[in-house]
Amino acid sequence: MPITKSAKKALRQSQKRRIINIKKKSKIKNLQKQVRSLALQKKTEEAKKLLPQLYKALDKAAKTELTKKNTAARKKSRITKLINKI
């Protein structure tokens, strides 16, 4: 356990950030699953409506360094490629 005042504060901050990061990651995963399932069910119009939300979440995650920039770009590319293929 932290002893100094600054270490206690750092622990509180990291716990808050951890919760926020987990929420953001789960949102991205859920959106990816939704878009992928819609695409596989041949519902491309509905999948395309969810794409902007997914792009926004991935871009924000990359901006705040939750994920790497190239990882976000790769995920966006693969999802778009899947939808366009169908």
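Take any residue in the sequence shown, note its place counting from 1, add 8, and you have its number in the numbering used here. Heads up, the beta-carbon is just placed ideally off N, CA and C, and yes, glycines get one too.
Residue range 52-71 is occupied by the alpha helix (DSSP H) that includes residue 54. The three-state secondary structure of residue 76, taken from DSSP, is coil. Judged by DSSP in its simplified three-state form, residue 36 adopts helix.
Cβ neighbours of residue 80 within its own chain (closer than 7 Å, five residues either side excluded): 66, 67, 69 and 70. With fewer than 16 other beta carbons inside 10 angstroms of its own, residue 15 counts as exposed.
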